[in-house]
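Quick note on this note's numbering: the sequence shown kicks off at 31 and runs consecutively.
Report on the structure given below.
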Amino acid sequence: MYLYHFGLSELPFTLTPNTNFFLGVTPHNEALAVLMTALKTGEGFIKVIGEVGTGKTLLCRKLLNEIPEHFVTAYIPNPYLNPDELRRAVALELGVKQAQRMNSQLLTQRIQSRLLELHGQGRSVVLILDEAQALPDESLEALRLFTNLETETRKLLQVVLFAQPELDTRLNENNFRQLHQRITFSYTLRAMNETEVNHYIQHRMQVAGYKGASLFSKSLCKKITKASQGIPRLVNILCHKMLMLSYGQGHYQMSVQQLKVAIKDTESINRSSSHFFRFSMILSFILCVSVLLVAGFSYYGWDMKL
């Protein structure tokens, strides 16, 4: 593709959550700090909420890579599982043998025995679920019951939930109030600002092996921020398409025109832009009418207290 053209060793803006490209922008650094602090307390649920494309999965992978050695992790990337499937998935992650052949009651006993065994070895167990908003209601309740497993001094299992905002909506429902009360730490990921987007783009280019002068100017990064709303995934999509266009044109510098083409070719941004455009037109119309009315009051001396 464009690797040789720009002197790159790998693609800088893929959508795969590669921790080699992790950049500690403020929201991700803060979220990671909250997670590490919460895990040290040894209690309850921990929740990280973020809109689609804000980097939850990358943050999840970063946590898995950097979690202290005394932790045993059970990672479930796709939690759209019923309670029985969830129990079996947890059991397999914890190394419970023949988990697929046991009935639910025996499986729960074996999970508890395994947790006690690990606790006796001085290990802490954390269950990490990505895309947790996909958990069925019954599985959310099963997850709460997991955290009832404890000794006199600490929980045998901690749970970290990475999820979209839909999970918060569900947890605010009355039937989930017990689970909601057990969430001891929570963090909401925000989008990046223009300074962070600029740093993010330059960082990914450097990690990918680029050594020349910046291809994306600050003013262009500002426009990319506006178009993407600071969402990392959308930044990646736009930058990747711009590099492809530049390569196809034989250019070595990114341009506003290339950004416009990339935006036009990206359906999710196009939809948001069209909605924003319609909103802007309506707002402009209202402002114009207001200005004309005020002018009329002033010119004709209409009584504004009618």
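The beta-carbon is built from N, C-alpha and C at its ideal position, and this holds for glycine as well.
Assumed close pair residue i, residue j - CB separation to whole angstroms, cut-off 8 Å
| i | j | result |
| --- | --- | --- |
| Phe51 | Arg184 | Going by Cβ atoms, the distance from Phe51 to Arg184 rounds to 36 Å, so no, they are not a contact pair. |
| Ile106 | Ala121 | With a Cβ gap of about 11 Å, Ile106 and Ala121 do not count as contacting. |
| Ser143 | His100 | Actually they are not in contact, since the Cβ atoms of Ser143 and His100 sit about 20 Å apart, beyond 8 Å. |
| Val190 | Ile158 | 5 Å |
| Phe75 | Thr177 | 7 Å |
| Leu93 | Leu65 | 6 Å |
| Leu179 | Leu145 | 6 Å |
| Gly85 | Leu264 | Not confirmed; about 11 Å, so no contact. |
| Thr49 | Asn95 | 6 Å |
Residue closest to residue i, alpha-carbon to alpha-carbon, out of the options
| i | options | result |
| --- | --- | --- |
| Leu250 | Ile231, Thr181, Arg118 and Leu122 | Ile231 |
| Val291 | Thr218, Phe43 and Met274 | Met274 |
| Phe215 | Ile141, Leu62 and Leu146 | Leu62 |
| Arg174 | Gln188, Gln163, Gly80 and Asn108 | Gln188 |
| Asn60 | Leu45, Thr49, Val78 and Phe43 | Strictly speaking, residue 60 in this sequence is Glu, with Asn absent from that position. It is Val78. |
| Asp114 | Leu136, Val156 and Asn95 | Leu136 |
| Thr218 | Gly80, Asn48, Leu145 and Lys70 | Gly80 |
| Gly54 | Val126, His35 and Val227 | Val227 |
| Ile293 | His281, Tyr277 and Gln259 | Gln259 |
| Ile267 | Tyr32, Thr44 and Gly37 | Thr44 |
| His270 | Val64, Lys70, Ala104 and Pro42 | Pro42 |
| Glu350 | Phe206, Val126, Thr67 and Lys248 | Because the chain in this structure spans residues 31 to 336, residue 350 falls outside the shown range and cannot be described. |
| Gln194 | Val126, Val286, Leu289 and Thr87 | Thr87 |
| Val102 | Gly72, Gln130, Ala129 and Gln128 | Gly72 |
| Ile181 | Gln128, Gly152, Phe192 and Thr199 | The identity of residue 181 in the sequence shown is Thr, whereas the question assumes Ile. The candidate whose alpha carbon is nearest that of Thr181 is Gly152. |
| Lys248 | Asn133, Ala129, Ser134 and Val286 | Val286 |
| Leu33 | Gln236, Gln288, Ala104 and Asp295 | Gln236 |
| Gln288 | Met272, Lys127 and Val126 | Met272 |
Residue i vs residue j beta-carbon contact at 9 Å
| i | j | result |
| --- | --- | --- |
| Ala238 | Glu40 | yes |
| Ile261 | Ala221 | yes |
| Asn108 | Glu147 | no |
| Leu245 | Gln279 | no |
| Leu124 | Glu171 | no |
| Tyr277 | His35 | yes |
| Tyr240 | Leu38 | yes |
| Arg91 | Pro47 | yes |
| Val156 | Ile213 | no |
| His149 | Leu186 | yes |
| Ala257 | Ile299 | yes |
| Lys252 | Glu224 | yes |
Test: residue i CB closer than 9 Å to a CB of chain B
| i | result |
| --- | --- |
| Asp160 | Although the question refers to chain B, the structure presented lacks it and comprises just one protein chain. |
Entirely within the region 262–299 and at least 3 residues each: give me those beta strand (DSSP E) ranges in chain order. none
Report the start-end ranges of each beta strand (DSSP E) in the region 204–245 that is 3 residues or longer and not cut off at the edges. 213–218
May I have a chain-ordered list of the alpha helix (DSSP H) segments no shorter than 4 residues that lie completely inside the region 139–214? 167–176, 196–201 and 207–211
List, from N- to C-terminal side, the alpha helix (DSSP H) runs of 4 residues or more that fit wholly inside the region 87–144. 113–123
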